[in-house]
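Numbering (the numbering used here), first residue to last: 183 to 552. C-beta: ideal position from N, C-alpha, C; glycine also. Data first, discussion second: the structure below is written as structure tokens.
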Ligand code: TYM
């Protein structure tokens, strides 16, 4: 069995999501839960139907509260260490859908402190990327009146007070066990988890009453939520709930999409030519020659291009099945499949980049300041 590793700072190997559910103690998303969600949302987002969002903690409790008339808030975020890539957009697109369907507030954290502490970047650089990434967040179309974005460095006056209360309840041995800190870890990053946990309780603090929290993110962020849930009752808050997604892979062979491999990663700021080139060079499940592929068919299950249709660029369940089957049978070959994806990605980027431009005038409307 191939070894894999999932932490907030490293995702390695072929991830076994079933195993992660057991390891992290989350629950799979069942058909019954999907039916319950659908009662409120009328339709199901394709990321739920496909189990791209595949596990949760207490989503059923969030629905209980909602049905009793107690609205939850959404909490998610971004570590601004570079430009935003398509993988980051997956939780944000889904979060936007949740915001729209349940008509709830979203608190969005930019961890410019975290990325300064763990990456070879200056504080000026991570603060600069905060602004750049906020444009992507706004471009996703969140509700201006109900979305509050904050940078840790800037919003520290409010966050710090909550964070130290959390920090007092987490000892170093727990932090080491959960996050893998060692004697070489700098003391900033050892404290940092309490800063990422703080927004779970932020709206409750701001509004002076307990508000349920639901966090949509990829499963790499889960380490934060386990201590968050331990601490919550000690401070008199509800335990935060989560809904987790899988990772969209990079365009190379295996591994999640990661900015550390820019050739296999599409950034929202890529030019049309750059994006096209990356897709045309992608790893696929095709045969050595077109002739061989027509005869024997391809392997969509290992193909990175297929994954892009599946995660983002083909929402229609009938059509995605067709792509899979046509590849398997040899009817669809890699050249045309890549070209079609490139066209869709380029259209998406053109639209998104226009929205990023417009977002420049909206930043102040979204930022939460103290
Ligand atoms: P960051 O910047 O690493 O990632 C931002 C969000 O994108 C998710 N993600 C992915 N999702 C699908 N496929 C991928 N290949 C992929 N890569 C990353 C991450 O899970 C995350 O949801 N420390 C956090 C920032 C943060 C945060 C939060 C995230 C602060 N508070 C609350 C989620 C929820 C970070 O560095 O994320």
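For residue 442, no beta strand (DSSP E) encloses it, and the DSSP letter there is neither H nor E. Around the ligand TYM, the residues selected by a Cβ distance under 6 Å to any of its heavy atoms are 190, 257, 258, 259, 260, 261, 269, 270, 272, 273, 291, 293, 296, 378, 397, 399, 400, 402, 403, 427, 429, 430, 438 and 439, following chain order. In chain order, 242 and 245 place their CB closer than 8 Å to the CB of residue 218, counting only its own chain and leaving out the 5 sequence neighbours on each side. Under a 10 Å Cβ-count criterion, residue 354 is classified as exposed, with fewer than 16 other Cβ atoms of the shown protein chains found around its own Cβ. Looking at the DSSP output, residue 189 shares a beta bridge with 192. Around the beta carbon of residue 239, 16 or more other beta carbons sit within 10 angstroms, so the residue counts as buried.
Taking a contact as a CB-CB distance under 8 Å, the pair residue 400 and residue 426 counts as one, their CB atoms being some 7 Å apart. In the same chain as residue 222, and ignoring 5 residues on each side of it, the C-beta atoms closer than 8 Å to its own belong to 245, 248, 283 and 284, in chain order. The beta carbons of residue 549 and residue 374 sit no closer together than 8 Å. Excluding the 5 residues flanking it on each side, residue 493 has same chain C-beta neighbours closer than 7 Å at 234, 272 and 430, in chain order. Between the alpha carbons of residue 232 and residue 441 lies a gap of roughly 25 Å. Per DSSP, reduced to three states, the secondary structure at residue 257 is strand. In the assembly as shown, residue 390 is an exposed residue. Its beta-carbon has fewer than 16 other beta-carbons within 10 Å.
Between residue 312 and residue 262, the C-beta gap is smaller than 8 Å, which places the two residues in contact. Cβ neighbours of residue 406 within its own chain (closer than 8 Å, five residues either side excluded): 190, 375, 378 and 379. In the displayed model, residue 263 falls within coil according to three-state DSSP, outside both helix and strand. Beyond the five residues adjoining it in sequence on each side, residue 392 comes within less than 7 Å, by CB distance, of 386, 419 and 420 in the same chain, given in chain order.
Note: residue 239 is bridge-paired with 424 in the DSSP secondary-structure output. The alpha helix (DSSP H) runs of length 4 or more contained entirely in the segment 469 to 542 are, from start to end of the chain, 472 to 478, 486 to 490, 499 to 511 and 516 to 541. In this chain, the alpha helix (DSSP H) harbouring residue 299 covers 294 to 300.
Three or more beta-carbon pairs drawn from the segment 319 to 337 and the segment 533 to 549 are found closer than 8 Å, and the two stretches are therefore classed as touching. DSSP places residue 382 in the helix class (H, G or I) of the three-state scheme. For the set 510, 542, 536 and 230, the Cα lying nearest the Cα of residue 214 is the one of 230. A Cβ-Cβ separation of about 7 Å places residue 460 in contact with residue 446 under the 8 Å criterion. Taking a contact as a CB-CB distance under 8 Å, the pair residue 308 and residue 297 counts as one, their CB atoms being some 4 Å apart. Taking the Cα of residue 448 as reference, the smallest distance to any Cα among 402, 545, 540 and 530 is reached at 530. According to the DSSP assignment, residue 329 belongs to the beta strand (DSSP E) that extends over 329 to 333.
Note on geometry: alpha-carbon atoms of residue 318 and residue 473 lie some 42 Å from one another. Counting along the chain, residue 464 sits inside no alpha helix (DSSP H), nor does DSSP assign it H or E at all.
Counting every other CB atom within 10 Å of its CB across the protein chains shown gives residue 200 a total below 16, marking it as exposed. Straight-line spacing of the CA atoms in residue 477 and residue 462 works out to 22 Å. Here residue 413 has 348, 351, 352 and 379 as same chain residues with Cβ atoms under 8 Å from its own Cβ, once five neighbours each way along the sequence are excluded. Secondary structure note for residue 398: its beta strand (DSSP E) is the uninterrupted segment 395 to 400.
Around the Cβ of residue 398, a 10 Å sphere holds 16 or more other Cβ atoms; the residue is buried. Counting the other CB atoms within 10 Å of its CB gives residue 479 a total of 16 or more, which places it among the buried residues.
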